[in-house]
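Residue numbers (the working numbering): 1 to 446.
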Amino acid sequence: MGEVLRIAGGKRLEGEVWLPTAKNSLLPILAASLLCAGPVRVRQVPRLTDVDNSLELLRAAGMKARREGEDLSLSPGQPGTGSLPDGPVGAMRSSVFYLAPMLHRCGRVSMTLPGGCPLGPRPIDIHLDGLARMGAEGGWRGERLTLEAPEGLRGVDYTLRLPSVGATETLLMAAVRAKGITVLRGAAREPEVVDLARFLMACGAHICGAGTGTIWIQGQERLSGAVYRPVADRIVGATVLAAAAATGGRVTLRRCVPAHLEAVVEVLVRAGCQAQRLGPAALMLEAPPRLEGAGLVRAGEYPAFPTDAAPIVAAAFLRARGNSHFEDTVFASRFSCAAGFSALGAGVQAAGRRLDIRPFGPLKGACVTAPDLRGGAALAVAALQAEGVSLIGGTAHIRRGYGDLAALLRRLGADARWQDEESTRTFDGNKGKNFLVSCAESSIRP
Ligand code: UD1
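Shown next, in the form of C-alpha cells:
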C-alpha cells in the first residue's frame, strides 16, 4: 500500500533542529568499510531506504552488518563473489561507490546500471576511466558492468574531466589501497569528499589535499577499522531553512557546519531574512512574513550554491514579492518539481536547467507527486505555505534521503503527517484510479 505526505499549510515554523548525519557522506563511507581489515562503527546513522539498500550490498559483499541503537556496526566476513544484487544496485546511484572497494576486496565486481534520481543523463565514464587507468579491466556487456583487477590497482596521476563528486570518491577509495602514489587533479571539493577522506584517514590512509582541487594519496596495503561519525547533513539543513523562510518563521539549526550552508544563507539574507551564527555548530535564521525575490541563483560545484538545495530553496520563493531565477549548472533536469509548484498555483516556468518564479496569486493546497528526492522535499516546502491541505505522492523518493520528514516539520509546528494512499482513495470514492487522477477529482481539493 502506498502512502502520501499530508501537509495542511499556513503554519509559521519555529523551533530548533539537530541535523542528522549526511546521507551523501554516509553512503560512500559505508561502501568504504569494505576496504578495512578491522571493524567499523558508524555513529548516528539515520533510517533511510538508501542505508537499507547499502546494508544489502555490504552483506552481499560478505560484510557482517547490524544496527546497534543509532549506530551501524560493520565487520569483515568472507569476501563474496564480487557480484552485487540487482535490486539495491538499481535503487540508488550510490551503488557506484562499490566498484573500487569490491575490486580491492574480491578482485572483481559485477553489477547492473546504478539507479538514483532522474536528473538527466548521469554517466559514470569518469569513474570507469579512472579505474581503468589504475589497472581495472573489463566493461559493459549490455546493461551489466564487470570489472576485474587481477594484478590489483596501481597509483596514477589522473585529471578528472569535470569535478564529479562521485568519481572523486570512487578514485579516492581506489587509491587508498592501490600500489604507489595517486594524484587526483580537477577533484570535487564538496564537504562530503572531505568527510570520506577523514574517515579513510581515521582507518590509516595517507591523504593530503581533500577539499581542494588536487588530492595526493599514498596507497596502503592494509587499512584498519575506525569509529566514525559523519558530518551533518547540509541539505537537510537547507530544507529546514527553506521551510522557515517560506513560512515567515524562525529556526535554529544545531549540530550544523555553518560554513557548509553559507551559499544558501546568503540567498535567504538577500531576500530579507536575518541569520546569526550561534557558536561553531549552530545557526539561527529568522524570516520576514514575505520574502523579496531571490534574483538570479546559480547552483554549481561547492562552494557555490548546492544543486540539491536548488529546488528546495526555490520553493521558499513561490510567494515572494519579486522575481526569482534558479539555474542548475550540474544536472539537466533539476526542476521537475515545477509541475507540482504550478498545481499549487505558483507562477513558475521551467525550461531546461532554469526555473523562473514570478509573484502570482496565493498558493492553494493540491495533490502533487514527488518527481525525485529533492523535488519531493521542495513540494513539502511549497505545501507549507499553501492554503488548505496538500497531499504529496511519490514518498519513496523522499524516504531515500529524509528519515522522517513529516516528524521533522511537525517538531517545528507544521501540520504534517504520513497517510495511507488507500485512505485518500476511499475518501475520494475513486478506488482504482491513479493517485493524481483520484486527487484531482477529490472533495479534499480546496
Ligand atoms: C553527488 C550527490 C548528489 C549531488 C551531486 C552534485 C551523492 C550520493 N550524491 O552525486 O546528491 O547532487 O553529487 O553535488 O553524493 N558526470 C559525468 N560522468 C561521470 C560522473 C559525473 O558526466 O563519470 C556528470 C553528471 O552527469 C553530472 C555532473 O557530472 O552532470 C555531476 O555529477 P556528480 O558530481 O558525479 O554527482 P553524483 O556523485 O552522482
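Beta carbons are placed, not taken as given, at the ideal position from N, Cα and C, and that holds for glycine.
Can you say whether residue i is buried or exposed, counting buried as having 16 or more other CB atoms within 10 angstroms of its CB?
{"i": "VAL96", "result": "buried"}
{"i": "GLN385", "result": "buried"}
{"i": "PHE360", "result": "exposed"}
{"i": "ASP420", "result": "exposed"}
{"i": "THR170", "result": "buried"}
{"i": "CYS203", "result": "buried"}
{"i": "ASP157", "result": "exposed"}
{"i": "LEU278", "result": "exposed"}
{"i": "CYS367", "result": "buried"}
{"i": "ALA351", "result": "exposed"}
{"i": "PRO362", "result": "exposed"}
{"i": "CYS256", "result": "buried"}
{"i": "ALA259", "result": "exposed"}
{"i": "LEU119", "result": "buried"}
{"i": "THR212", "result": "exposed"}
Return the first residue and the last residue of the beta strand (DSSP E) that residue i is part of.
{"i": "THR252", "result": "250 to 254"}
{"i": "GLU151", "result": "First-last for GLU151: undefined, no H or E at that position."}
{"i": "GLU221", "result": "That residue, GLU221, is in no beta strand (DSSP E); it is neither H nor E in DSSP."}
{"i": "HIS206", "result": "206 to 208"}
{"i": "THR369", "result": "367 to 369"}
{"i": "SER342", "result": "SER342 -> not in any beta strand (DSSP E); alpha helix (DSSP H) instead, spanning 338 to 343."}
{"i": "ARG177", "result": "From DSSP, ARG177 is part of no beta strand (DSSP E); its letter is neither H nor E."}
{"i": "ASP71", "result": "71 to 76"}
Taking the alpha helix (DSSP H) that residue i belongs to, which residues open and close that run?
{"i": "ARG399", "result": "395 to 401"}
{"i": "ALA104", "result": "The amino acid occupying residue 104 in the given sequence is His; Ala does not appear at that position. Residues 99 to 106."}
{"i": "MET201", "result": "191 to 202"}
{"i": "SER54", "result": "49 to 60"}
{"i": "MET63", "result": "From DSSP, MET63 is part of no alpha helix (DSSP H) but of the beta strand (DSSP E) over 63 to 68."}
{"i": "ARG410", "result": "405 to 411"}
Does any heavy atom of the ligand UD1 sit closer than 7 angstroms to the C-beta of residue i?
{"i": "GLU262", "result": "no"}
{"i": "HIS397", "result": "no"}
{"i": "THR307", "result": "yes"}
{"i": "GLU143", "result": "no"}
{"i": "SER164", "result": "yes"}
{"i": "ASP52", "result": "no"}
{"i": "ILE29", "result": "no"}
{"i": "VAL40", "result": "no"}
{"i": "PHE199", "result": "no"}
{"i": "SER333", "result": "no"}
{"i": "VAL330", "result": "yes"}
{"i": "ALA226", "result": "no"}
{"i": "ILE124", "result": "yes"}
{"i": "ARG319", "result": "no"}
{"i": "SER94", "result": "yes"}
{"i": "PRO20", "result": "no"}
{"i": "GLU148", "result": "no"}
{"i": "ALA187", "result": "no"}
{"i": "GLU190", "result": "yes"}
{"i": "ALA167", "result": "yes"}
{"i": "HIS127", "result": "yes"}
{"i": "ASN24", "result": "yes"}
{"i": "PRO101", "result": "no"}
{"i": "PRO121", "result": "yes"}
Could you tell me which residues DSSP puts in a beta bridge with residue i?
{"i": "THR159", "result": "ARG185"}
{"i": "GLN274", "result": "GLU286"}
{"i": "ALA350", "result": "LEU355"}
{"i": "PRO306", "result": "GLY300"}
{"i": "ALA416", "result": "ILE7"}
{"i": "ALA259", "result": "Paired residues: none, contrary to the question."}
{"i": "ASP125", "result": "In the DSSP output, where bridge partners are listed per residue, ASP125 has none listed."}
{"i": "ILE215", "result": "LEU184"}
{"i": "CYS36", "result": "LEU223"}
Excluding five sequence neighbours on each side, which residues of the same chain lie with their C-beta closer than 6 angstroms to the C-beta of residue i?
{"i": "LEU296", "result": "HIS325"}
{"i": "ALA244", "result": "LEU13, VAL251, LEU285, ALA287"}
{"i": "THR49", "result": "ARG399, ARG400"}
{"i": "PHE199", "result": "ILE29, TYR228"}
{"i": "ALA383", "result": "ILE7, GLY9, SER390"}
{"i": "ALA407", "result": "none"}
{"i": "ALA339", "result": "none"}
{"i": "ALA37", "result": "ARG222"}
{"i": "ARG66", "result": "SER73"}
{"i": "PRO85", "result": "ALA60"}
Can you name, in chain order, every residue of its own chain whose Cβ lies under 8 angstroms from the Cβ of residue i, other than the five neighbours on each side?
{"i": "GLY394", "result": "THR369, ALA370, PRO371, GLY376"}
{"i": "ALA299", "result": "PHE305, PRO306, THR307, ALA309, ALA310, PHE326, GLU327, ASP328, THR329, VAL330, ARG334"}
{"i": "GLY429", "result": "Residue confidence is low: GLY429 scores 38 on pLDDT, short of 50, so the model does not pin down where it sits. Its coordinate-derived value is still stated next. So no residue of the chain qualifies."}
{"i": "GLN220", "result": "VAL176, ARG177, GLY204, ALA205, HIS206"}
Excluding the 5 residues preceding and the 5 following residue i in the sequence, name in chain order all residues of the same chain whose CB lies nearer than 7 angstroms to its CB.
{"i": "PRO101", "result": "ALA31, ALA32, LEU34, LEU35, MET173"}
{"i": "ASN53", "result": "PRO88, ALA91, MET92"}
{"i": "ARG144", "result": "SER110, THR112"}
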